């Protein structure tokens, strides 16, 4: 706060959350920012075509399926390497790969479309 660091203590009373800073107590709301992911649309993953995007900048090291391939929910589509770690991008729904934009060896930025599944 105010550009300074403080040691704080958290307390939970009757379902309410509080933070103590020194001798002062503040009521706070606690939320998990991960719960906000993927809430850009009210449509579910089974409604219409979806675009699978690169989660981070990196390099495509493997393309696991080709266009017009039938796939299952949770199946790996592309492997992206970033910071020497490989991340498998999986389909959230069953369907068919309508378009495969990812090419092995290509560099991608976060948010680049890798494939479209319908």
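Residue numbers (my numbering): 81 to 198.
Even for Gly, the Cβ is constructed at its ideal location relative to N, Cα and C.
Model, not experiment: these values are computed from the prediction.
Judged by their CB atoms, residue 99 and residue 91 are nearer to each other than the 9 Å cut-off.
Just measuring C-alpha positions, the residue of 150, 156, 167, 195 sitting nearest residue 176 is 150.
Following the DSSP letters along the chain, one finds residue 169 inside the beta strand (DSSP E) bounded by residues 165-170. Sequence-distant Cβ neighbours of residue 187 in its own chain, meaning closer than 7 Å and more than five residues away, are 139.
For residue 141, the closest alpha carbon among the candidates 127, 158, 147, 133 is that of 158.
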